[in-house]
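Report on one structure; see the data block that follows.
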Amino acid sequence: MAHVDSDTVRNHEDPDREQPLVFLDTSVILAYLSGDSSAGQLFSADESGRIRLAVNSIVLQELLLGAEAANKPAFERIRDHLRVLPLDPAKAEALISRIRDLRNRFVHSNDVLILSSAGECDFLVTSNRHMKELATGDKPKVVTPEELASQLRAA
8 MAHVDSDTVR NHEDPDREQP LVFLDTSVIL AYLSGDSSAG QLFSADESGR IRLAVNSIVL
68 QELLLGAEAA NKPAFERIRD HLRVLPLDPA KAEALISRIR DLRNRFVHSN DVLILSSAGE
128 CDFLVTSNRH MKELATGDKP KVVTPEELAS QLRAA
């Protein structure tokens, strides 16, 4: 289980600090739309102002092109509340060389673009275990929906 820094989650107690920025991978939003309770807790935390949720255009594209999400009323409600972060081509290029170093053939090009956008986020929430291998540095901390939901409950 990944360690989630409780100070990062708890900063909602200090009104002068911004809330943690949490990037959601497509899998997490699909889980929310399917009724997953951990993913639902993340959206509740966003609504209560404890965290800020973000995606990028790649995640939106995957959701809009997938029949699973595009026609669901719940997607319509959340779409306008998500922050859409820009792609970062320089970070994407650096990640591509890291993928080659890891000899990871399971990483999809969309995952590279997702991780490049999440670079300044506090957390990247995903069910994709390959993302943890790609993340470098302190940001973002790559966690599952269950890991972050558990930390939010404890904070």
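Under my numbering, think of the first position of the sequence shown as 8, with each following residue one higher.
The C-beta atom is built at its ideal place from N, Cα and C for all residues, glycine as well.
Notebook entry, point to check: Just to check, is the beta-carbon of Ala-52 closer than 6 angstroms to a non-hydrogen atom of the ligand FAD?
Noted result: With respect to small molecules bound, the structure shown includes none, and the ligand FAD cannot be examined in it.
Checklist line | Strand pairing of Phe-130, partner residues [DSSP] | finding: Answer is Val-29 and Lys-148, bridged to Phe-130.
Next item on the list: Could you round the C-beta distance between Leu-92 and Phe-130 to whole angstroms and report it? I think they count as a contact, below 8 angstroms.
Entry: Approximately 13 angstroms separates the beta-carbon atoms of Leu-92 and Phe-130; this is outside 8 angstroms, ruling out the contact.
Check: Is the Cβ-Cβ distance between Asn-117 and Ile-65 less than 7 angstroms?
Finding: Against a cut-off of 7 angstroms, the Cβ pair of Ile-65 and Asn-117 comes out as a contact.
Notebook entry, point to check: Given a threshold of 16 other Cβ atoms within 10 Å of its Cβ, counted over all protein chains shown, does Arg-160 qualify as buried or as exposed?
Noted result: The Cβ neighbour count for Arg-160, taken over all protein chains shown within 10 Å, is under 16; the residue is labelled exposed.
Next item on the list: Using the Cα positions of Val-149 and Thr-33, report the straight-line distance between them to the nearest angstrom.
Entry: Distance between the alpha carbons of Val-149 and Thr-33 is about 14 angstroms.
Check: What number of angstroms, rounded off, separates the C-alpha of Arg-17 from the C-alpha of Asp-43?
Finding: Any answer about Arg-17 is weak, because its pLDDT of 48 lies below 50 and its placement is not dependable; what the coordinates show is given next. If you take the alpha carbons of Arg-17 and Asp-43, they lie about 23 angstroms apart.
Check: Does the beta-carbon of Ala-46 have 16 or more other beta-carbons within 10 angstroms, so that it is buried, or is it exposed?
Finding: So Ala-46 counts as buried.
Checklist line | DSSP state of Asn-63 mapped onto helix, strand, coil | finding: Residue state, collapsed to three classes: strand.
Item checked: Residue burial classification, Ser-124 (beta-carbon count within 10 angstroms, cutoff 16) -> Its Cβ being crowded by 16 or more others within 10 Å, Ser-124 is buried.
Next item on the list: Quick one: using the 10 Å Cβ neighbour count with 16 as the cut-off for buried, is Ala-97 buried or exposed?
Entry: It counts as exposed.
Next item on the list: Can you tell me which of Ile-121, Phe-50 and Glu-140 puts its alpha carbon nearest to the alpha carbon of Leu-67?
Entry: Of Ile-121, Phe-50 and Glu-140, the residue nearest in Cα terms is Ile-121.
Item checked: Nearest residue (CA-CA) to Leu-28, options Met-138, Leu-141 and Leu-49 -> Of Met-138, Leu-141 and Leu-49, the residue nearest in Cα terms is Leu-49.
Margin query: Less than 7 angstroms between the C-beta atoms of Pro-152 and Cys-128, yes or no?
Written below: One thing to note: Pro-152 has its Cβ no nearer than 7 angstroms to the Cβ of Cys-128.
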